[in-house]
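In our numbering, the protein residues as written are 9 to 114. Ideal Cβ positions, reconstructed from N, Cα and C, are used throughout, including at glycine.
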């Protein structure tokens, strides 16, 4: 007759802290939903968390006003005139030869 020993590894890894409970839940006072979330599969938690964070980040943008003052037609025309005055000559963009030919402004 021999002695049978059943070894059960710690819940996290072989060198994890033995004072913690399963799935790293700290104590019995931990709320039930946190215990349930810690035991859930990551594929069910991660998309919900990403969508929640994206929604919280979108909240400040909802109260945003219109375009900035530098996007007004007058300001854009002044930028275009400044670029032409200083002979800025990019390959593409508002001061390129093709854009100058299509622009109705003198």
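Check	Outcome
The alpha helix (DSSP H) enclosing residue 77, as first and last residue numbers	Careful: residue 77 lies outside any alpha helix (DSSP H) and carries neither H nor E.
Local conformation of residue 50 per DSSP, three classes	helix
Residue 53 and residue 45 closer than 9 Å at C-beta	yes
Alpha-carbon spacing of residue 95 relative to residue 65, whole angstroms	42 Å
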